[in-house]
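Data first, discussion second: the structure below is written as structure tokens.
Number of protein chains: 2
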Amino acid sequence: MDVKTDRIALALKTVPMFSGLKPEEIAMVASLGMLAEHDGGDYLWRAGDESTYLTVLLRGRVKVVKGTPDGGSMILEIFGAGEPVGALVMYNYMPYPADALCMEPVTLFKIHRRDFFDMLDHNPEIARGLIRELTRIVLTLTRKMEEMRGTRVESRIARLFLMFARRTGKHDKSGTYIPGALNRQEVADLVGTTVESAIRTLSRWGRSGLVRTDTDGFFIPDIEALERVAEGEDET
Amino acid sequence: MDVKTDRIALALKTVPMFSGLKPEEIAMVASLGMLAEHDGGDYLWRAGDESTYLTVLLRGRVKVVKGTPDGGSMILEIFGAGEPVGALVMYNYMPYPADALCMEPVTLFKIHRRDFFDMLDHNPEIARGLIRELTRIVLTLTRKMEEMRGTRVESRIARLFLMFARRTGKHDKSGTYIPGALNRQEVADLVGTTVESAIRTLSRWGRSGLVRTDTDGFFIPDIEALERVAEGEDET
DNA sequence: CGACCTGTATGACGCGCGTCATACCCTCCG
DNA sequence: CGGAGGGTATGACGCGCGTCATACAGGTCG
Chain U
35 MDVKTDRIAL ALKTVPMFSG LKPEEIAMVA SLGMLAEHDG GDYLWRAGDE
85 STYLTVLLRG RVKVVKGTPD GGSMILEIFG AGEPVGALVM YNYMPYPADA
135 LCMEPVTLFK IHRRDFFDML DHNPEIARGL IRELTRIVLT LTRKMEEMRG
185 TRVESRIARL FLMFARRTGK HDKSGTYIPG ALNRQEVADL VGTTVESAIR
235 TLSRWGRSGL VRTDTDGFFI PDIEALERVA EGEDET
Chain R
35 MDVKTDRIAL ALKTVPMFSG LKPEEIAMVA SLGMLAEHDG GDYLWRAGDE
85 STYLTVLLRG RVKVVKGTPD GGSMILEIFG AGEPVGALVM YNYMPYPADA
135 LCMEPVTLFK IHRRDFFDML DHNPEIARGL IRELTRIVLT LTRKMEEMRG
185 TRVESRIARL FLMFARRTGK HDKSGTYIPG ALNRQEVADL VGTTVESAIR
235 TLSRWGRSGL VRTDTDGFFI PDIEALERVA EGEDET
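Take a look at the structure:
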């Protein structure tokens, strides 16, 4: 097995979807696909494009963005390392309904869907990995639906940050650090509000110390205080 | 094969998840599980219960309800004939996070998860059916997330009815009929608002003729007018 | 260096909607 | 038959938030 496939195989080991595979199975997957690098600001695909590859992120973040009828946009999801992007659309032979935009430099693994379906047919463990991944997605979306339901902007933003804290947060005695910059428009698009409302909320939180915006992430000194805001209790 | 299993097999043919199976595979599934009948108002399970069965609805509607911190409730989903209920929770060996409540008399098929997983391991076509079902759920939830995002109550209610029209609506020249009664509290819980707001909206729509509430369903004379309301345009 | 663009931030204003109160109708049960 | 409970409906009120306008800072490009 050559060096390139070695590198891909090493990276794929950390991807939950493939984590149940034996080393020789991983090597087989690695030999069928390829790595790709993209810059921040690049589009992986635009809405309407044909979904011919399964794409798994190895490094960096990608946001899936859809336009709204009033000319604004919403962010449907932000994907990180280890996660497939646009997988559902590919399984169903649909064109992509939204754009996929790199938020920073990105490395990804991609395999043609024909090859992927072949593997799926011949390897029940990959089917299991797929089912695990799909159930994880459904549970995440269900929780998000609950959190989005009819609540105030600041509760929704608090829940967004709590979700990031769970997923990628680094915790120590001084608080929780969430790596990864987001501008105010991205926060607004994630929770479905205006940039002005997002700015007012985050500015107020910055002044009170509830959530501090840094250059490449956010810091939460007291995550329980944020939890109270998420539940609709006043910030004190 | 006895008469009971015949009846189950006949019913299972219409379930999308099993639709790709051969008759003898369907018979095998039917022989492993059982039918059950419940009255309206019955709980299939309560939050916290162990999820030991895969449950597929053959007749009637079930709503999955979760309490909110302020003592209210939200309806996460309403399931109908042909749909599995609580399947995701079962796959992940989790206790149910929400209650399942029969909205009317219900007939269902249930199979122990041990038997289900055995079948899954030995039958790739069932794995494919499961993957199709999961992708359908994810796409539905994604669309719902988009629709719920930061909009006015009447737009959200309009989208709810459009979704029902797509799923179960009967269309003819006079308009669209949506079978299945929902009270105002259920409409409010589905879209995340208060019962007063739901009442005001549906009363106004009743007076203007946009959506008429009947004894056991709803009637929409002009579905395009409702689509305009869903997009946030004024009702005219 | 100036113009332009993007992003952060604030102010003022109007309105949709939640909250609380109240009324009425229908069904069920003792 | 009367009381209780659930559901539909309306009124009044306050406020969170979207909209529009404006200001400022920093980076990029000609």
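Chains U and R are the protein sequences, given in the same order.
According to this note's numbering, the first sequence holds residues 35 to 270 in order.
According to this note's numbering, the second sequence holds residues 35 to 270 in order.
Ideal Cβ positions, reconstructed from N, Cα and C, are used throughout, including at glycine.
Alpha carbon to alpha carbon, how far is residue j from residue i? Give it in angstroms, no decimals.
i: residue 76(R); j: residue 135(R); result: 6 angstroms
i: residue 141(R); j: residue 114(R); result: 10 angstroms
i: residue 153(R); j: residue 53(R); result: 15 angstroms
i: residue 192(U); j: residue 65(R); result: 49 angstroms
i: residue 59(U); j: residue 131(U); result: 32 angstroms
i: residue 235(R); j: residue 67(U); result: 53 angstroms
i: residue 102(R); j: residue 175(U); result: 17 angstroms
i: residue 169(U); j: residue 171(R); result: 10 angstroms
i: residue 69(R); j: residue 198(R); result: 27 angstroms
i: residue 265(U); j: residue 182(U); result: 12 angstroms
i: residue 39(U); j: residue 87(U); result: 18 angstroms
i: residue 240(R); j: residue 248(R); result: 10 angstroms
i: residue 127(R); j: residue 180(R); result: 29 angstroms
i: residue 43(R); j: residue 229(R); result: 42 angstroms
i: residue 260(U); j: residue 219(U); result: 21 angstroms
i: residue 83(U); j: residue 147(U); result: 15 angstroms
i: residue 95(U); j: residue 167(R); result: 28 angstroms
i: residue 149(R); j: residue 63(R); result: 9 angstroms
i: residue 97(R); j: residue 238(U); result: 39 angstroms
i: residue 74(U); j: residue 163(U); result: 29 angstroms
i: residue 72(U); j: residue 119(U); result: 14 angstroms
i: residue 178(U); j: residue 110(U); result: 11 angstroms
i: residue 185(U); j: residue 207(R); result: 39 angstroms
i: residue 209(U); j: residue 138(U); result: 25 angstroms
Excluding the 5 residues preceding and the 5 following residue i in the sequence, name in chain order all residues of the same chain whose CB lies nearer than 6 angstroms to its CB.
i: residue 270(U); result: Reliability of the predicted coordinates at residue 270(U) is poor, the pLDDT of 38 falling under 50, and no value is obtained from them.
i: residue 227(U); result: 187
i: residue 215(U); result: 250
i: residue 145(U); result: 66, 67, 88
i: residue 256(R); result: none
i: residue 80(U); result: 133
Following the continuous beta strand (DSSP E) through residue i, name the residue where it begins and the one where it ends.
i: residue 57(U); result: That residue, residue 57(U), is in no beta strand (DSSP E); its alpha helix (DSSP H) goes 57-66.
i: residue 111(R); result: 107-113
i: residue 251(R); result: 251-254
Starting from residue i, trace the alpha helix (DSSP H) both ways and give me its first and last residue.
i: residue 175(U); result: 158-182
i: residue 125(U); result: 121-125
i: residue 193(R); result: 187-202
i: residue 264(U); result: 257-264
My output table needs one value for residue i: the three-state DSSP class, helix, strand or coil.
i: residue 138(R); result: coil
i: residue 244(U); result: coil
i: residue 235(U); result: helix
i: residue 131(R); result: coil
i: residue 38(U); result: helix
i: residue 270(R); result: With a pLDDT of 38 at residue 270(R), under the threshold of 50, the predicted position of this residue should be treated as unreliable, though the coordinate-derived value follows. Note: residue 270(R) maps to coil in three-state DSSP.
i: residue 215(R); result: coil
i: residue 206(U); result: strand
i: residue 70(U); result: strand
i: residue 95(R); result: coil
i: residue 84(U); result: strand
i: residue 90(U); result: strand
Which same chain residues, not among the five before or five after residue i, have their C-beta less than 8 angstroms away from its C-beta?
i: residue 107(R); result: 99, 100, 101, 223
i: residue 116(U); result: 48, 49, 50, 90, 91, 92
i: residue 123(R); result: 85, 129, 130, 131
Considering only residues of the same chain and omitting the five flanking positions on each side of residue i, which have a CB-CB separation below 7 angstroms?
i: residue 35(U); result: Confidence is the limiting factor: at residue 35(U) the pLDDT is only 49, short of 50, which leaves the residue's position unreliable, though a coordinate-based value still follows. Taken in chain order, the residues that qualify are 61.
i: residue 143(R); result: 42, 45, 46, 67, 69, 90, 92
i: residue 233(R); result: 218
i: residue 129(U); result: 82, 83, 84, 85
For residue i, is the beta carbon positioned less than 7 angstroms from some heavy atom of the ligand MG?
i: residue 110(R); result: Absent from the structure shown: the ligand MG. Ligands present: none.
Could you say if the stretch 199-219 of chain R and the stretch 237-253 of chain R meet the contact criterion of at least three C-beta pairs nearer than 8 angstroms?
Under the Cβ criterion (8 angstroms, minimum of three pairs), the stretch 199-219 of chain R counts as touching the stretch 237-253 of chain R.
Segment contact flag, the stretch 155-162 of chain U with the stretch 200-210 of chain U, C-beta cutoff 8 angstroms, min 3 pairs
Remark: fewer than three beta-carbon pairs, one from each stretch, lie closer than 8 angstroms, so the stretch 155-162 of chain U and the stretch 200-210 of chain U are not flagged as touching.
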